[in-house]
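What follows is a set of notes on a single structure, which appears directly below.
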């Protein structure tokens with residue numbers, strides 16, 4: 127009894143005496159450790175290589191400038207192979223064993239969802255999860271206050287695209303090809319919103335992840351008389367659908383969601399892809415905003431091979447801005463709480479890569495507007511301003 | 003008194019006649035042997051009695067039960083058990099367990115849920131299994147796994163499994179196949195004991211003529227699905243057709 | 009006659025059980041990051057319940073199943089729906105869910121009456137795909153592809169909230185499951201299952217209704233999987249279709265195989281071995297190795313895993329349990345070499 | 077509204093093209109199963125390895141030749157074929173021989189672990205970034221009777237049928253083929269009859285990897301991007317192989333094509349008219365398979381094995 131009391135008193139004294147100096151695990155005088163869980167062996171291992179590479183490029187740049195408050199930012203990457211179970215193991219390992227300061231950029235919706243309970247249990251924030259599921263930033267949900275979302279949801283992207291289509295052609299008959307998973311489910315959510323707003327009905331066709339053949343869907347769009355088709359997919363889907371449409375003599379305008387903004391779409395689709403319109407939630411790497419310019423500079427400096435440059439490498443670079451800003455806001459003696467509080471003070475923050483971002487107690491959504499790009503001569507060109 | 007009654011059995015395997023108008027009766031308490039060259043339909047006949055094959059035509063009655071109407075696993079209920087030509091037992095189970103498999107029908111499921119409830123029942127069956135093993139002369143092996151045991155013992159275990167069902171009739175498919183002379187003698191002794199001591203009808207398929215001649219009460223000779231001859235061993239032995247087609251040299255040897 | 013059931017060396021069992029309950033305390037005193045290790049052990053505990061059931065089906069009855077992840081999924085989702093949406097207490101779900109999953113087992117057991125071996129394996133694999141699809145289709149209840157948050161388990165008024173409590177709950181149930189499985193194997197039912205595996209004819213000739221017992225085997229195996237599913241849902245607090253990949257079914261079979269087909273202790277050992285190897289030893293190995301050379305870590309991990317599996321199957325087809333038995337017999341009969349003891 | 081069967085021809089033709097891919101993979105399964113009774117779960121991975129190897133050869137040779145032309149593709153194909161034959165020998169040594177008499181269980185697991193090894197090894201060597209393969213036929217398409225088909229698809233269909241005919245002829249008419257059949261029926265007896273069983277196994281694995289590699293070479297350009305997920309197509313070829321009846325060569329081709337057509341039509345016309353079909357698009361092949369197996373437990377062309385008592 128005596129011992130317990132004395133321990134409590136001593137702890138309280140320490141806590142009172144040096145409140146501003148206490149730091150969380152993962153922070154030493156020279157280093158801050160950040161955990162990242164990527165898919166290194168599963169279906170999207172390509173991203174698992176590219177995103178951390180992009181992040182590391184930016185972190186190296188920051189560290190070369192002296193780091194954050196004199197501390198070098200170091201990132202540990204773990205693998206989950208797109209298996210939520212393994213993601214939980216990796217998160218436990220990072221938090222309990224490697225003692226990271228915060229988690230950053232856990233890729234995939236189900237892995238990110240799976241580690242929610244751990245975030246709540248251990249009080250570790252998750253910065254910029256690499257998922258476009260808008261439910262991530264839904265503040266009414268469990269552990270949402272530990273998650274700082276950056277990506278614009280697919281629902282938002284789909285809604286904006288449909289708005290844009292109807293603006294240019296009020297008579298348009300719209301079709302959407304959606305992937306048969308969470309990606310597609312989110313796109314359909316946005317689609318339903320737009321349907322309600324405009325009083326239209328959208329023709330929906332599904333495909334599976336990894337499908338190679340899209341004749342059925344393309345034929346259905348043709349039969350349904352769609353003039354504008356939105357494709358939710360990554361690279362193969364828009365390319366194949368556009369090529370198939372060209373082959374069977376079906377002419378429609380094609381649109382894509384975020385992941386289709388990939389230089390390989392233009393490369394592979396060739397003339398069939400000319401005029402392809404897609405949305406994105408950051409400044410595109412080719413544009414001359416400060417962020418993309420820095421990106422180009424760093425890529426040149428670090429001799430990043432051409433096949434690595436592109437959407438996902440840039441994405442890692444971009445989200446690292448939010449991470450570094452959060453670490454800065456956490457102050458000279460960072461704790462996880464201070465970092466979260468700091469991020470919540472951001473108001474219309476200009477990062478140079480994202481549109482103005484705002485976080486506050488009731489809003490962890492981050493980017494809430496998107497830009498529309500068009501493929502012109504194999505290059506993405508912005509054709510609108512930020513919309514939402 | 004008729005025990006097994008087979009009438010006008012016809013069985014076709016996609017054009018090949020395996021059984022062609024076979025009919026015979028087996029009396030209670032006799033050893034009835036089926037002989038014939040390979041492919042003459044002996045095993046098929048066994049399979050028909052056992053319910054593994056369904057003949058196109060004919061009837062098989064055992065003590066007024068129509069065997070063609072019941073499923074293979076129900077034959078045991080009506081008192082017919084059998085052994086197989088090539089070993090059909092469970093290698094990774096002890097001898098005792100292999101024998102107890104035959105007592106399946108008499109053991110209730112409570113054994114699984116609580117071994118104390120079914121203690122008596124189990125002890126009774128295990129004692130009986132031991133008795134059967136003792137009868138066959140392999141009582142000391144009961145805790146051994148079957149997989150490493152010699153062929154002769156494995157064969158005997160099959161017979162034990164058939165005996166523990168408390169059958170009225172046993173079908174034995176080549177009990178002496180692959181045995182040496184010593185073991186064959188033993189089998190012959192066991193078969194006659196089964197008949198004499200236990201009073202069980204035995205239906206045997208066998209190639210070893212010495213064995214057949216020494217133990218059988220009656221013999222039926224099959225050739226390409228047809229009955230060639232039937233009767234006491236001596237009659238069959240001297241039947242001209244049989245000598246011509248099948249026994250040949252052996253009869254005079 | 010008494011003592012046939014006790015012919016094995018049972019005196020180690022209480023010691024093992026005590027060791028199971030003591031090990032978290034040891035872990036806690038040994039390492040600061042014990043929660044991470046406990047979580048992995050918990051996972052192994054849940055999978056153990058399932059693989060023991062799978063061993064009854066595939067190892068003992070000889071019916072190959074490549075769809076056990078689907079049973080786990082049905083169990084997890086059923087329990088989540090029953091507890092969170094229908095408001096049933098967790099204890100009741102612990103009883104009802106396995107029965108429901110067992111009935112699903114009967115459904116897939118029905119084709120098993122006609123389909124055999126290879127075909128059955130692939131049919132159950134198809135069943136896995138179908139279940140995954142149906143979970144997405146019933147999105148009003150299951151949350152579709154976005155997954156489902158599940159409440160914490162409440163057992164007789166106690167909320168089981170962290171890895172520490174989970175450990176004791178899971179391993180209590182795992183021990184019960186192992187004991188039940190041992191009972192099944194050592195009873196009439198176990199004999200029937202093995203007879204069906206090794207010789208259907210002999211089984212039939214002994215009066216065993218093969219169809220009934222094959223279905224029963226699927227039912228029992230389904231019940232074990234459903235039980236594991238309940239624990240899975242309420243200790244992970246989040247389930248999605250990504251959890252129940254076809255690869256997971258394969259892993260379950262691997263666990264059974266590595267442990268030694270047709271042995272309950274083998275399934276337990278195999279599960280522990282695979283889970284620990286995949287989640288602890290290979291990452292450790294990889295971590296030390298990547299310090300010295302540059303590697304694509306994820307693929308390297310998968311490569312090592314595949315290699316160990318292949319070597320195991322080629323050089324140790326009897327599995328871990330067989331290895332242990334061989335070793336035991338070797339020492340028992342030390343000067344003589346009983347090489348042909350297990351052929 | 078258009079009627080139910082408008083444009084179904086196009087879907088059927090595309091389905092045949094898609095099905096031919098499944099058929100080619102299924103043919104690989106079938107060949108191995110026919111002679112050795114091993115079900116090779118790694119056939120999809122063999123195909124993927126073939127695609128990568130061919131890609132490697134194409135880039136190497138085009139570097140040497142200073143551009144892409146017909147000769148480059150031919151040389152690369154030849155290189156891939158030689159690789160396939162060597163690869164088959166290696167697989168025979170590491171998978172088939174040590175596991176000859178093991179139960180089905182172990183063999184399935186062995187091929188699954190082989191699949192994991194091949195997939196991770198490929199990714200380790202080639203890197204995780206997707207490659208962009210080039211089609212030797214470009215983007216050319218052929219139009220006939222209101223139906224469009226790309227030259228690449230046509231090549232796949234023709235290749236599937238040629239290989240089927242070749243192997244069917246081989247197994248039924250040549251001495252080696254009959255030896256292989258005999259080996260599958262009873263390896264021991266075959267050995268006693270003077271059939272070199274070891275050689276038979278080696279040849280069968282060589283054939284199977286050859287089929288796998290050729291399908292990989294053909295399929296890669298159709299995938300637009302080449303990565304290790306290509307191997308998952310192997311899983312989709314399983315229902316095809318079973319539907320046809322494992323071990324039947326025409327069965328593999330017909331099963332594959334049937335599955336392809338069912339898939340395309342269900343994604344196209346069927347889901348256009350019936351909304352609920354969209355929910356079961358990717359499992360429709362499995363549903364068809366289970367229904368067929370319930371009626372014919374050995375597939376459409378499979379022959380039931382009679383077990384002697």
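Protein chains in written order, with the numbering used here: chain A, 127 to 514; chain B, 3 to 255; chain C, 9 to 351; chain D, 77 to 385. We treat Cβ as the ideally placed atom computed from N, Cα and C, and that holds for glycine. Note that this is a predicted model, so its numbers are computed, not measured.
Quick one: which unbroken beta strand (DSSP E) runs of 3-plus residues sit fully inside the stretch 234-302 of chain A? Chain order, please.
none
Measuring only between beta-carbons, confirm whether residue 145 (chain A) sits less than 8 Å from chain D.
Residue confidence is low: residue 145 (chain A) scores 46 on pLDDT, short of 50, so the model does not pin down where it sits. No coordinate-derived value is stated.
From residue 191 (chain C) to residue 113 (chain B), what distance separates their C-alpha atoms?
8 Å
Residue 314 (chain D), DSSP secondary structure in three states
helix
Could you give the distance in angstroms between the alpha-carbon of residue 401 (chain A) and the alpha-carbon of residue 442 (chain A)?
27 Å
Within 8 Å, strictly: CB atoms of residue 148 (chain B) and residue 92 (chain B):
yes
Between residue 41 (chain C) and chain A, is there a C-beta pair that is closer than 8 Å?
yes
If you measure beta-carbon to beta-carbon, which residues of the stretch 247-277 of chain C are closer than 8 Å to chain B?
270
What does the alpha-carbon distance come out to for the pair residue 210 (chain B) and residue 186 (chain B)?
9 Å
Taking the alpha carbon of residue 222 (chain C) as the reference point, which residue from C:318, C:293, C:259 and C:116 has its own alpha carbon closest?
C:116
Flag residue 182 (chain A) as yes if its beta-carbon sits less than 8 Å from any beta-carbon of chain D, otherwise no.
no
Give me the chain C residues within the contact set of residue 181 (chain D), using Cβ-Cβ distance strictly less than 8 Å, ordered along the chain.
66, 72, 261, 265 and 269
Helix, strand or coil at residue 243 (chain B) [DSSP, three-state]
helix
How would you label residue 257 (chain B), buried or exposed, when you count the other beta carbons within 10 angstroms and need 16 or more for buried?
There is simply no residue 257 (chain B) to check, as chain B begins at 3 and stops at 255 in what is shown.
Spatial neighbours of residue 237 (chain A) within its chain, please: CB distance less than 6 Å, with the 5 preceding and 5 following residues excluded, ordered by chain position.
206, 210 and 213
Helix, strand or coil for residue 95 (chain B)? Go by DSSP, reduced to three states.
coil
Quick one: is residue 47 (chain C) near chain A, going by C-beta distance under 8 Å?
yes
For residue 313 (chain A) and residue 280 (chain A), what's the separation of their Cα atoms in angstroms?
5 Å
Residues of the stretch 287-313 of chain D with a CB closer than 7 Å to any CB of chain A: list them in chain order, please.
298, 299, 300, 301, 303, 305 and 308
Taking the Cβ atom as the reference point for each residue, do residue 205 (chain B) and residue 24 (chain B) lie within a distance shorter than 8 Å?
no
Short of 6 Å in beta carbon distance, which residues of its chain neighbour residue 494 (chain A), apart from the five on each side in sequence? Order them along the chain.
514
Please give me, in chain order, every unbroken run of the alpha helix (DSSP H) with length at least 4 that falls completely inside the stretch 333-381 of chain D.
360-371
Under 7 Å from the C-beta of residue 208 (chain A): neighbouring residues of chain C:
250
Using a Cβ distance threshold of 8 Å, determine whether the stretch 129-142 of chain B contacts the stretch 74-85 of chain B, with at least three qualifying pairs required.
no
What does the Cβ neighbour count give for residue 174 (chain C), buried or exposed, with the cut at 16 atoms within 10 Å?
buried
Quick one: is the Cβ of residue 448 (chain A) within less than 7 Å of any heavy atom of the ligand NAD?
In the structure shown, the ligand NAD is absent, as is every other ligand, since no ligand is present at all.
What are the boundary residues of the alpha helix (DSSP H) that residue 376 (chain A) is part of?
No alpha helix (DSSP H) holds residue 376 (chain A); DSSP gives it neither H nor E.
Where the beta strand (DSSP E) containing residue 34 (chain B) begins and where it ends:
33-37
Residues of chain A with a CB under 7 Å from the CB of residue 242 (chain C): which are they?
Under the 7 Å cutoff, chain A gives no residues; its nearest Cβ is about 11 Å from residue 242 (chain C).
How far does the beta strand (DSSP E) with residue 357 (chain A) in it reach, from first residue to last?
354-357
Are any of the Cβ atoms in chain D nearer than 8 Å to that of residue 174 (chain A)?
yes
Proximal residues, the stretch 235-246 of chain A versus chain C, C-beta separation under 8 Å
235, 236, 237, 239, 240, 242 and 243
Rank C:207, C:154 and C:105 by C-alpha distance to the C-alpha of residue 305 (chain A) and give the top, closest one.
C:154
Taking the continuous beta strand (DSSP E) assigned at residue 125 (chain D), which residues delimit it?
Looking at the DSSP string, residue 125 (chain D) is not in any beta strand (DSSP E); the run it does join, the alpha helix (DSSP H), is 119-141.
Counting contacts by CB-CB distance shorter than 8 Å, is residue 166 (chain D) in contact with chain C?
no
Taking C-beta to C-beta, are residue 207 (chain D) and residue 103 (chain D) nearer than 8 Å?
no
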